[in-house]
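Asks: So the protein lines, in turn, are chains A and B.
Residue 30 is where the first sequence starts when you use our numbering, and the numbers rise one by one after that.
Residue 30 is where the second sequence starts when you use our numbering, and the numbers rise one by one after that.
Backbone N, C-alpha and C define an ideal beta-carbon position, used for all residues, glycine too.
Below are the C-alpha cells for one structure; questions will follow.
2 protein chains.
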Amino acid sequence: MNDKELLNRVKGVKTASRILSSVSTETKNSVLYTLAGLIMKKKGVILKENLKDINNARKNKLSESMTDRLTLNEKRILEMSKGAREIAALADPISDVINEHTASSGIKIQKVRVPLGVICMIYEARPNVTVDATALCLKSGNAVILRGGSEAINSNRILAGIIRQALSTAGLPENAVLFIDSTDRKFIYKLIKMDTLIDLAIPRGGEKMVNEIRKHSTVPVLSHGKGLCATYIDKSADKNMAVKVAYNAKVQRPSVCNATETLLVHKDIAPEVLPGLYKMLSKAGVEIRACANARKILPGARQASEKDWSTEYHGLILAVKVVESLDEAITHINTYGSGHSDSIITGNKSAAEKFLKEVDSSAVLHNASTRLHDGGVFGLGCEMGISTQKIHARGAMGLNELTSTKYLVRGTGQVRE
Amino acid sequence: MNDKELLNRVKGVKTASRILSSVSTETKNSVLYTLAGLIMKKKGVILKENLKDINNARKNKLSESMTDRLTLNEKRILEMSKGAREIAALADPISDVINEHTASSGIKIQKVRVPLGVICMIYEARPNVTVDATALCLKSGNAVILRGGSEAINSNRILAGIIRQALSTAGLPENAVLFIDSTDRKFIYKLIKMDTLIDLAIPRGGEKMVNEIRKHSTVPVLSHGKGLCATYIDKSADKNMAVKVAYNAKVQRPSVCNATETLLVHKDIAPEVLPGLYKMLSKAGVEIRACANARKILPGARQASEKDWSTEYHGLILAVKVVESLDEAITHINTYGSGHSDSIITGNKSAAEKFLKEVDSSAVLHNASTRLHDGGVFGLGCEMGISTQKIHARGAMGLNELTSTKYLVRGTGQVRE
C-alpha cells in the first residue's frame, strides 16, 4: 500500500460512514448477530492464524504477559462472539433527542445524537479489541479504521475479514471497516494527519504510544492514559470494610489501570488498620513502601521515596502514607494522582461528600473499590476503555461517548433581524 | 516574562482553578455583577487604552474592518457590561446530575457536570471577547488564560486588570484569570504544549491560525473553523418564503461564518424563483456566480468555476447551482460544505426530514435562515463561538459545553469479584 492508496481507502471509509449514519437499528444489529455467528463458525481458522502470532511472539521473545494478551483460545473466542451479541442488545443511541426547546423567534431547536463519522483505533496486542471496538463503533453508526499492534497482525487480519463479511451479508458497504494490513508505523502518522476525513483517533495502549499520537495528531484524540489511583481510609471508616476494599483495590488485578497504587490512611485509624492489612498484603506478595509515620506502625516496611507517590507500579507494590487530615488526602491525590479513579472509605457522610466533590478524577468512589470503575461493572455494556481526558468523554466510555450531536432547527420562514 | 515565569504563572492558574471549581453560584455571580459595574465605572480609562490600539492600527495601516472590530465606544462598553450581567442570570451548570442509576452490584452511579479546569483562549482583534469569554468560563467554574491579538493588547490589558479586580473583590484568587501581556507568539506555542496544566485550548480566529494551533497543540483543541453554508430551495418550497430566507441568509451580514455562500435550487422551481431573487440580490450589491443551467435562467450572471463551490467568500458573492434532485443537493453540501449550517426551504415534510437527517452539519435548518445558528438566537445566552468539530461540542456553544463530567460512585463496601 502506498500513500495514495491509503488516502483513497480512507476516502472510501468516509463514503461508507455516510451510508452507515442513516442505517436502521435492525440492520446494524443484524451485522452484529451475523458477526457473532461467523466468529464461532470460523474459530478453526481464527485459532490457526492466531497460532502464527503466538509463534512469532516466541521467536521474537515477547514477554509472557504480552504473549498471553495476544493469545486466543476457545473461551476467548466465545467471549468475543458473546460481546458482539451483547452490543446488539444495547439501545441504539443514534437519533436520541438530548434536549429540545422553542426559541423566542418561534424556531424549534432539537439537539440530537449522531455518529461521529470515522473513528481510527490505534491499539496494541489484544485481538479482541478488533471485534469489541468495531462492534461498538458500528452500533453507534460509525465507520472504523483499525490499526492494531504488529504482534497480532495475523489474528487481526482474519477477524477484520470476518467483520467485513458480516457487513456485506447485511447489505452494508465493507468499506465501513478498514484494516490497515501493514506493520509499518508510517501509516499511523499519515492517518492522524487526515483531519478532513477522520473524526476521532482513539489510541489505546502504553503511555508513550498515547503521548506520541497526541503530539503528532491533527485529528482530535481521545486518550486512554495513565491510571495512578488512590484509596483513602478516613478516620471514621468501618475497619473491616476498609481492609477488604483496600486489599481488593490492590490485589484483585494489579496490572490494570484502575488498580490502587497509593494507600492513604488517616493518622487516627492507622494503628488499628495498617498492621492487619500489612499482613494480608504481604501474604499476597505485595511490597509496601511506607512514609516515615507509617513505618512507625509497620517497622518491617521499606521507606517510600518521593518518586513512589507518582509511580504507576502496574504490579504488586503499594505506596502507603499516613495523613493528618481529609484535606491532606485530597491534596495528595490532586497533586500526585492521574485523575483516573480514587476512593474514600468512611462512615462520615460529609467527609465522603467533600472527597467526592473535591477530588478531580474521572470517577470518585465512596466505600467501593477503585477496581469497580469499568464500563461492564457500571452497566454501560462492553467498553471502549476509560478516557483520562476531560473533553468529549471522561471515564468509562459507552456507546453515547462514540457519538456527536447536531442541531435540527424547524422554522416557518424565520430570518435574522 | 521568561519561560519559567510563564510556567509558574500557569501553575498558579491551575491552583486557582481548584478553588474556583468548588465556589458557590452566588459567589461566581457576584464576580460577574462586580465586573459589570466596574466596566461602566472605568469606561473612561478603557476608552483611553483602546485609543492607543486604534492609533497603532492607523499607524500600522490595519484594514478598516479590522480597526472597526477592535474599536470600543460607549455602546460597545455598555454591551460588555450587560453581557456579564446576562451570564450571571443563566443557570449554573456545575453539579447538574446528567444521569444516575444503580448497577447490579448495588453501587449508585451518578454522572455530574464539573468544570473543565483551565481553558486557554487564543483570539484575535475584538476586545469584547476578553470579557465575554472570561465571564462564561468563570460562570462554569473554569480558570482562563487569555492570549488576545496584538492589535488589541492595550484594551485587553485594562479589561483583564478589571476582571482580576472583580475576582479579588469577591474574595476569589486573581490567578483564576491570567492575561498573557506579550505579543510574542512564542508564548502561544509554549502554552499549547502544557497539557498537564491546561485542559482545553479554544482558538477563535482565521482558518490559518486555527489550523496552526491544531497542528502544534498537545492540549485538546476546540476549533472554531470555516463556515461554508448552503441554502437549498426545494421544488415544493413556498416561493415567497424561499426568496426571503435565501436573501436574508446571504445579505443580512455577509462577513460572518453562518452567512450562506452557496444557493442550490431544484430545477423545477428555479425558473420561478431565480429571476426575482437575482434582482433583489443584485440591488444589494451581490455578485452571482452561476452554473451553466442557472445561467440559462440568469444570462447576466457570471459563470461559476469548480472553485466557487468550496470558497467561503465572507462577502457579497453567491454561488448558485441548479440541481436535479434533493439527493443531489444533499450530496453537494456534504461534498463541498464545511459542516457548519445548512438550510432547506420546502413545504414537503418528508423532503425536509430527509435533508435534516442526511446533511452532516452542526446545524441543519428547515424553513429558516442559516444566519439563525447562533447561541444568542438559540437562547443559550452569550456564546463562546460555534464549534466546527464533532467531538466535545458541536455548533453553538453555551455554558454546558465549557464543562466536563465526573462519575460519583456511592457504595457500601463493594469490591471487584
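Label G427/B either buried or exposed according to how many other C-beta atoms from any shown protein chain fall within 10 Å of its C-beta, with 16 as the threshold for buried.
Replies: Flag for G427/B reads buried.
Asks: Which residues in chain B have a C-beta closer than 7 Å to the C-beta of E169/A? List them in chain order.
Replies: In the sequence on display, residue 169/A carries Ser and not Glu. What S169/A touches in chain B: nothing, since even the nearest Cβ is about 12 Å away.
Asks: Using a Cβ-Cβ cutoff of 7 Å, what residues of the segment 268–294 of chain B are near chain A? List them in chain order.
Replies: The residues in question are M270, K273, V274, N277 and Q281.
Asks: Specify whether the segment 93–100 of chain B and the segment 142–150 of chain B touch according to this definition: at least 3 beta carbon pairs, one from each stretch, less than 8 Å apart.
Replies: The segment 93–100 of chain B vs the segment 142–150 of chain B: no contact.
Asks: At 8 Å on the CB atoms, spell out the chain D contacts of S51/A, in chain order.
Replies: The question asks about chain D, but that chain is absent: this structure's protein chains are A and B.
Asks: Please state the DSSP three-state secondary structure of D371/B.
Replies: In this structure, D371/B counts as strand in the three-state DSSP scheme.
Asks: Output the distance between the C-alpha atoms of I231/A and T291/B, rounded to the nearest integer angstrom.
Replies: Using only the alpha carbons, I get a separation of about 35 Å.
Asks: From T54/A, T163/A and S134/A, pick the residue whose C-alpha is nearest to that of L120/A; which is it?
Replies: It is Ala, not Leu, that sits at residue 120/A in the sequence shown. A120/A has its Cα closest to that of T54/A, out of T54/A, T163/A and S134/A.
Asks: So who's on the other strand from S416/B, going by DSSP bridges?
Replies: BP columns for S416/B point to G424/B.
Asks: Would you mind listing the beta strand (DSSP E) stretches within the segment 191–266 of chain A that are 3+ residues and don't spill past its ends, in chain order?
Replies: Taking only runs of at least 3 residues, the beta strand (DSSP E) segments lying wholly in the segment 191–266 of chain A are 206–208, 229–233 and 258–262.
Asks: Taking Cβ positions, are S433/A and I420/B nearer each other than 9 Å?
Replies: In this structure, I420/B lies closer than 9 Å to S433/A by Cβ.
Asks: Tell me where the alpha helix (DSSP H) around L306/A begins and ends.
Replies: First-last of the alpha helix (DSSP H) with L306/A: A299 to K312.
Asks: If you measure from the beta carbon of I136/B to each beta carbon in chain A, is any gap under 9 Å?
Replies: Yes, its Cβ sits closer than 9 Å to a Cβ of chain A.
Asks: Is it a yes or a no for the segment 224–243 of chain B touching the segment 263–273 of chain B, going by three-plus beta-carbon pairs under 8 Å?
Replies: Contact fails: fewer than three Cβ-Cβ distances are below 8 Å.
Asks: Does L251/B have its Cβ less than 9 Å from a Cβ in chain A?
Replies: Yes, contact with chain A.
Asks: In chain A, which residues lie with their C-beta within 7 Å of the C-beta of H421/B?
Replies: Neighbours of H421/B on chain A, chain order: I420 and H421.
Asks: How many Å lie between P249/A and A113/A at the Cα?
Replies: Those two C-alpha atoms are separated by around 27 Å.
Asks: In three-state terms, what does DSSP make of R155/B?
Replies: In the structure shown, R155/B sits in coil (DSSP, three-state: anything other than H, G, I, E or B).
Asks: So, are the CB atoms of L167/A and L196/A less than 9 Å apart?
Replies: Result yes, Cβ atoms of L167/A and L196/A sit closer than 9 Å.
Asks: Please state the DSSP three-state secondary structure of A333/A.
Replies: In this structure, A333/A counts as coil in the three-state DSSP scheme.
Asks: Within the 9 Å Cβ cut-off, does R233/A reach chain B?
Replies: Taking Cβ atoms only, chain B never reaches closer than 9 Å to R233/A, which makes this a no.
Asks: Using the Cα positions of S50/A and T375/A, report the straight-line distance between them to the nearest angstrom.
Replies: Computed Cα separation, rounded: 47 Å.
Asks: A392/A and S370/A look like a contact to me (Cβ under 8 Å); what is the Cβ gap, rounded to whole Å?
Replies: Sure, about 5 Å apart at Cβ, within 8 Å.
Asks: Going by DSSP in three states, Y342/A sits in which element: helix, strand or coil?
Replies: Coil, per DSSP.
Asks: Would you kindly report the start and end of the unbroken alpha helix (DSSP H) that includes S46/A?
Replies: Residues D32 to S50.
Asks: Is there contact between the segment 336–356 of chain B and the segment 316–327 of chain B, where contact requires at least three CB pairs shorter than 8 Å?
Replies: Yes: at least three Cβ pairs fall under 8 Å.
Asks: Between A205/A and S46/A, which are expected to be in contact by the criterion C-beta below 8 Å, what is the C-beta distance as a whole number of angstroms?
Replies: Indeed, because the Cβ distance is near 7 Å, the residues count as touching under 8 Å.
Asks: Under 9 Å, Cβ to Cβ, is there at least one residue of chain A near Y436/B?
Replies: Chain A, which has a Cβ nearer than 9 Å to the Cβ of Y436/B, makes this yes.
Asks: Please work out which residues of its chain come closer than 7 Å, Cβ to Cβ, to L35/B, disregarding the five sequence neighbours upstream and downstream, and give them in chain order.
Replies: Hits under 7 Å: F216 and K219.
Asks: From the DSSP output, read off the bridge partner residues of V147/A.
Replies: Note: V147/A sits in a beta bridge opposite A172/A.
Asks: Counting only C-beta atoms, is R439/A closer than 9 Å to chain B at any point?
Replies: Yes, R439/A counts as interfacial toward chain B.
Asks: Of the residues that make up the segment 331–345 of chain A, which ones have a beta carbon closer than 7 Å to any beta carbon in chain B?
Replies: For the segment 331–345 of chain A, which is checked against every Cβ of chain B, not one residue is closer than 7 Å.
Asks: Give, in chain order, every unbroken run of the beta strand (DSSP E) that is at least 3 residues long and sits entirely within the segment 363–409 of chain A.
Replies: For the segment 363–409 of chain A, whole beta strand (DSSP E) runs of length 3 or above, ordered along the chain, are 370–374 and 392–397.
Asks: Specify the secondary structure class of S433/B as computed by DSSP and reduced to three states.
Replies: The answer is strand: DSSP assigns S433/B an E or B state.
Asks: Starting from T131/B, trace the beta strand (DSSP E) both ways and give me its first and last residue.
Replies: Start and end: V126 to T131.
Asks: Counting along the chain, where does the beta strand (DSSP E) carrying T100/A start and finish?
Replies: Taken as a continuous stretch (DSSP letters only), T100/A belongs to no beta strand (DSSP E), as it is neither H nor E.
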